[in-house]
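What follows is one structure encoded as structure tokens, with my remarks underneath.
In our numbering, the protein residues as written are 348 to 436.
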């Protein structure tokens, strides 16, 4: 049962990471955020990405999504480390 919870949590983190990557790639296509899919990704990605708006763009490129993905990966790694220690897996 615990391994199922780990698997579901891991899939959740992976799906959210993938959603952020797609959201960032949509910026290359004009009007992509106006589609239903673009609005959906905006609703789920923007609240998290807004936490990293304090990072200034460098040469016109925002590295906030990169930092957000790194932090998300670290949280995933840390959470699974703590949970596996607590459960003995």
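Glycine residues also receive a C-beta, built at the ideal position from the N, C-alpha and C atoms.
{"query": "Residue span of the alpha helix (DSSP H) that contains residue 388, given as start and end", "result": "383-396"}
{"query": "Residues bridged to residue 408 (per DSSP)", "result": "405"}
{"query": "Neighbourhood of residue 360 by C-beta, 6 Å cutoff - its chain only, sequence neighbours within 5 removed", "result": "423"}
{"query": "Cβ pair residue 369, residue 388 closer than 8 Å", "result": "yes"}
{"query": "Rounded Cβ spacing between residue 364 and residue 416 (contact assumed at less than 8 Å)", "result": "6 Å"}
{"query": "Pairwise C-alpha distance: residue 419 and residue 402", "result": "16 Å"}
{"query": "Residue 376 - DSSP class collapsed to helix/strand/coil", "result": "coil"}
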